[in-house]
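Note sheet for the following structure.
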Amino acid sequence: MLAYYDHFEAIWIETDNKIATDIGWQPYLAASSTRRTRRSFQPARSLCLLILLLHPLAALHLQGSWKPSQRYRFLAKFGFQRTQVDELEATRGYVYGSVKLSEEHQAGANVTNLATLVLVDSEFILDLYGNATEPVWLQNTSGITRDQLAWMVENERCRRMFSKIDAIAWHKTCAPNGQLDLIRAVPCSAGKLCAEEDNSARVITNSQFTYTVQDLRQPRYWYLMLVACSRNPQTCQWITTALPNPDTPSSSIISTASLDYSIWLVNGAPRLQGFNKFEHQFSFEKHDSVEIYLVFFVLYAILGTIVHVKMFRQSVIHGALFLTHVWLSIFATLFTTIHLGVFSFDGQGLGHLSAFGTLIAQWADALFLVLLLSTAEMGFFPTVTQRKSHTVEFDTFVGPGGSPSKGAHGCVYHRLPEYTQAGGESRNARTNPMQNEQSYTSPWPFIFLMVALFESVQTILYIWASIDQNPVIDFYIWNTVPGCLLLAVRFGVSFWFLAILRRRLLQVEVQPNVEEVAGASSFGLGIDLVHFAAGFLLWMVVLPLVVFIAETSVSPLWRSKTILSVCLSANYVAACVYAYLLISCSTRFHDEV
Numbered sequence: 001m002l003a004y005y006d007h008f009e010a011i012w013i014e015t016d017n018k019i020a021t022d023i024g025w026q027p028y029l030a031a032s033s034t035r036r037t038r039r040s041f042q043p044a045r046s047l048c049l050l051i052l053l054l055h056p057l058a059a060l061h062l063q064g065s066w067k068p069s070q071r072y073r074f075l076a077k078f079g080f081q082r083t084q085v086d087e088l089e090a091t092r093g094y095v096y097g098s099v100k101l102s103e104e105h106q107a108g109a110n111v112t113n114l115a116t117l118v119l120v121d122s123e124f125i126l127d128l129y130g131n132a133t134e135p136v137w138l139q140n141t142s143g144i145t146r147d148q149l150a151w152m153v154e155n156e157r158c159r160r161m162f163s164k165i166d167a168i169a170w171h172k173t174c175a176p177n178g179q180l181d182l183i184r185a186v187p188c189s190a191g192k193l194c195a196e197e198d199n200s201a202r203v204i205t206n207s208q209f210t211y212t213v214q215d216l217r218q219p220r221y222w223y224l225m226l227v228a229c230s231r232n233p234q235t236c237q238w239i240t241t242a243l244p245n246p247d248t249p250s251s252s253i254i255s256t257a258s259l260d261y262s263i264w265l266v267n268g269a270p271r272l273q274g275f276n277k278f279e280h281q282f283s284f285e286k287h288d289s290v291e292i293y294l295v296f297f298v299l300y301a302i303l304g305t306i307v308h309v310k311m312f313r314q315s316v317i318h319g320a321l322f323l324t325h326v327w328l329s330i331f332a333t334l335f336t337t338i339h340l341g342v343f344s345f346d347g348q349g350l351g352h353l354s355a356f357g358t359l360i361a362q363w364a365d366a367l368f369l370v371l372l373l374s375t376a377e378m379g380f381f382p383t384v385t386q387r388k389s390h391t392v393e394f395d396t397f398v399g400p401g402g403s404p405s406k407g408a409h410g411c412v413y414h415r416l417p418e419y420t421q422a423g424g425e426s427r428n429a430r431t432n433p434m435q436n437e438q439s440y441t442s443p444w445p446f447i448f449l450m451v452a453l454f455e456s457v458q459t460i461l462y463i464w465a466s467i468d469q470n471p472v473i474d475f476y477i478w479n480t481v482p483g484c485l486l487l488a489v490r491f492g493v494s495f496w497f498l499a500i501l502r503r504r505l506l507q508v509e510v511q512p513n514v515e516e517v518a519g520a521s522s523f524g525l526g527i528d529l530v531h532f533a534a535g536f537l538l539w540m541v542v543l544p545l546v547v548f549i550a551e552t553s554v555s556p557l558w559r560s561k562t563i564l565s566v567c568l569s570a571n572y573v574a575a576c577v578y579a580y581l582l583i584s585c586s587t588r589f590h591d592e593v
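Okay, here's the thing in structure tokens:
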């Protein structure tokens, strides 16, 4: 059976045990939990909203309390996967759980229509959430008390919020011909199913309600909200429960009532959660995240081990900074992997550990930027921290004139570098070399200052960007003002990096012997400055480029995995290249010395 509506291209009707056959129309959705027929529709236009937040509401086992006096609560944004015809039960989306009156109010009243639980997709979320947050103005309000005016305003808000949803949402008495099962009156009676559930076989065990989401066309975001509105069964009009009716004193219970909810959002039937453990609890854009982080944790652990072995007992400033960067990356991926692993079992995970891991990843990123700037400015080995011996025994030593030179008892003496007496007055006075100190300016103060500056800026902007997001409007962390500032800082550092290397290249061109005589190893033996600049400049601009491409060309449901995979890969490759250069320079440097 095929029916047409003004704003739908097609409506497919599906019986309990059959799937509508695709004969040229694309099935869009079937959402139902009762014995009535399930219908699916394809909108003429689809709004692909919402991009991944820093810590998205991904699963999810939602638990908490809410009062209708708070007007509304946005519970979750969840991406349901595309339903496979040959694996219906394992690939459908399910929203199930319970919403009850809190225990302290159960003895005093038996109220079952204090609010409405709404599940909608992007076609309806703008009207629902937009009207919930925007101010409402009424005309001709003269002669109305303040309490009556406030109650009327909230009533008008409820009508606007559900004006579009009412056109397609099913209701037992007010809309028996509705196409979609989107709303539940809550709280449900203690120990019983919600009023809309007239077939207990379709309700998940130990739950009071169940939504079933089926989309044969593509993955899609769905949004879950609690709204302080209820439908009058006699007049079928929406009225507010956020405020008591001034003309009905008995309605004052809503000013103190509280609802306790426990809701799950999953991909696949709960009894088949072992079918794919690392996708069942996760929103679609988080699928494969566990595997991605686990792989890079192992890779960073291997890299860290190699660098530790190669750089063992070498006191090099940049080596210490690089090892710190690698360890931060290891902990960042480890913490996130642990969180996602726990999340795959309980739907909640370790949120604080995940947030800390994300922050550590930002610190590692900022530290690597400082490391590149410092390397460009001072080279891979800016100072030699210690000289343990001032004599070297050789069979033959070629002197300045090209002839072998030997000292007493077969020892050959090399010329000492210029030293300053630890407590003496003369620079060239005869002193005990072991009591002398080489004169140089320590780079550590500069390094510490740079690290503190970069880490502070990165931390402040990233936390700001994580907070400055709207869960419904099309906002992603890189769409926010602080997110854009982070990208701008990245570009600024890129230009700074190029300016430093350009100055070094000009010095080599003007005084070519300076680098050779004074020691080209001050930057790194065998390293081409141009190649060094090109390679790491590419890493610096990878994040802005990937964000731009993902924002303009990639669906929100795939955007997170795209940015995550590309950036983690680029970070790891850059770390491997730097490790290779550092180890190579270290080997050649000590061979030369």
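At position 258 of the sequence shown the residue is numbered 258 (full-length UniProt numbering), and the sequence of numbers has no breaks. The C-beta atom is built at its ideal place from N, Cα and C for all residues, glycine as well.
Identity of the residues DSSP links to residue i by a beta bridge
i           : result
residue 320 : Residue 320 is not bridged to any residue.
residue 118 : 183 and 225
residue 527 : DSSP lists no partner for residue 527.
residue 97  : 209 and 263
residue 77  : 223
residue 61  : 264
residue 230 : 239
residue 171 : 175
residue 72  : 227
residue 596 : No statement about residue 596 is possible, as the shown extent of the chain runs from 1 to 593 and does not include it.
Pairwise C-alpha distance: residue j and residue i
i           : j           : result
residue 580 : residue 445 : 26 Å
residue 355 : residue 146 : 44 Å
residue 565 : residue 79  : 19 Å
residue 577 : residue 226 : 51 Å
residue 449 : residue 549 : 34 Å
residue 484 : residue 196 : 46 Å
residue 82  : residue 212 : 13 Å
residue 165 : residue 124 : 7 Å
residue 334 : residue 552 : 31 Å
residue 464 : residue 301 : 30 Å
residue 173 : residue 113 : 15 Å
residue 84  : residue 218 : 10 Å
residue 199 : residue 567 : 48 Å
residue 537 : residue 323 : 21 Å
residue 222 : residue 77  : 6 Å
residue 183 : residue 168 : 11 Å
residue 55  : residue 303 : The pLDDT assigned to residue 55 is 40, lower than 50, so where the model puts this residue is not dependable, and the model offers no usable value.
residue 391 : residue 582 : At residue 391 the pLDDT is 38, less than 50, meaning the model places this residue with poor confidence; the figure from the coordinates comes in the next sentence. Their backbone Cα atoms lie some 28 Å apart in a straight line.
residue 307 : residue 365 : 18 Å
Rounded distance between the beta-carbons of residue j and residue i, thought under 8 Å
i           : j           : result
residue 118 : residue 263 : Residue 118 to residue 263, Cβ: 12 Å. No contact.
residue 332 : residue 360 : 4 Å
residue 311 : residue 586 : 7 Å
residue 489 : residue 261 : Between residue 261 and residue 489 the Cβ distance is about 41 Å, and since that is not below 8 Å, they are no contact.
residue 65  : residue 259 : 7 Å
residue 527 : residue 317 : The Cβ separation is near 17 Å, so there is no contact.
residue 367 : residue 321 : 7 Å
residue 210 : residue 158 : Their Cβ separation, rounded to whole angstroms, is 25 Å, which puts residue 210 and residue 158 out of contact at 8 Å.
Contact under 8 Å by Cβ, residue i with residue j
i           : j           : result
residue 296 : residue 238 : no
residue 504 : residue 529 : yes
residue 455 : residue 327 : no
residue 128 : residue 265 : no
residue 547 : residue 487 : yes
residue 340 : residue 349 : yes
residue 115 : residue 230 : yes
residue 468 : residue 481 : yes
residue 62  : residue 75  : yes
residue 93  : residue 267 : yes
Residue i classed as buried or exposed, judged by whether at least 16 other C-beta atoms fall within 10 angstroms
i           : result
residue 139 : exposed
residue 352 : exposed
residue 494 : buried
residue 187 : buried
residue 103 : exposed
residue 571 : buried
residue 236 : exposed
residue 247 : exposed
residue 290 : buried
residue 561 : buried
residue 170 : buried
residue 460 : exposed
residue 502 : exposed
residue 672 : Residue 672 falls outside the range modelled here, since the chain spans only 1 to 593, and no answer is possible.
residue 86  : exposed
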